Amino acid sequence: MKIIVSNSSDEPIYEQISKQIKGMILKGQLKEGDLLPSIRGLAKELQISVITTKRAYDELEREGFIETVQGKGSYVAGQNKELMREKKLKIVEEKLMEVVKESKQLGLKYEEVEEMLKILFQEV
Numbered sequence: 001m002k003i004i005v006s007n008s009s010d011e012p013i014y015e016q017i018s019k020q021i022k023g024m025i026l027k028g029q030l031k032e033g034d035l036l037p038s039i040r041g042l043a044k045e046l047q048i049s050v051i052t053t054k055r056a057y058d059e060l061e062r063e064g065f066i067e068t069v070q071g072k073g074s075y076v077a078g079q080n081k082e083l084m085r086e087k088k089l090k091i092v093e094e095k096l097m098e099v100v101k102e103s104k105q106l107g108l109k110y111e112e113v114e115e116m117l118k119i120l121f122q123e124v
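To convert, note that position 101 of the sequence shown is 101 in UniProt numbering; the numbers rise steadily by one, no gaps.
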């Protein structure tokens, strides 16, 4: 599992970790039942505090992405398919909101953004 943390980011390290793990789960790179690195192991690998890693795992567990079994580790939780779809849609909505805000700041019209989206959608 490849996680990259940036000390220069405005985002707290625990959020960087939890976002990246969530992304891996939502993209299917981590599947239900997959074992995550131990809290200590991940902290050592990333050269960060165990407390920071624990906070990231706690957040992931609170949001239902992982389950922790005492003495055995943390695993990717089983996800309700409809809930998983909603989480994916929320991520897309957030990214599109950034595009809308940026487009308005640049004075772009809806039609211009729509045309860009059509072109990009066809390319991928």
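Backbone N, C-alpha and C define an ideal beta-carbon position, used for all residues, glycine too. All of these numbers come straight from a predicted model, not from anything done at the bench.
* Residue range of the unbroken beta strand (DSSP E) whose run includes I66 -> What you label residue 66 is simply residue 66 of the sequence shown in a count that begins at 1. First-last of the beta strand (DSSP E) with I66: I66 to V69.
* **Inter-residue Cα distance where the pair is G28 and L117** => As a working note, residue 28 is residue 28 in the sequence shown. As a working note, residue 117 is residue 117 in the sequence shown. When rounded, the distance between both Cα atoms is 25 Å.
* Check whether the Cβ atoms of V92 and G33 lie closer than 9 Å to each other. => Taking the sequence shown and counting its residues from 1, the one referred to as residue 92 is at position 92. Taking the sequence shown and counting its residues from 1, the one referred to as residue 33 is at position 33. Their beta carbons are not under 9 Å apart, which means V92 does not touch G33 by this criterion.
* Would you check if the distance between the CB atom of S8 and the CB atom of Q16 is smaller than 9 Å? => Numbered from 1 along the sequence shown, position 8 holds the residue referred to as residue 8. Numbered from 1 along the sequence shown, position 16 holds the residue referred to as residue 16. It is not a contact, given that the beta carbons lie outside the stated cut-off.
* Looking at the unbroken alpha helix (DSSP H) that takes in V113, where does it start and where does it end? -> The residue given as residue 113 occupies position 113 in the sequence shown. Its alpha helix (DSSP H) spans residues Y110 to E123.
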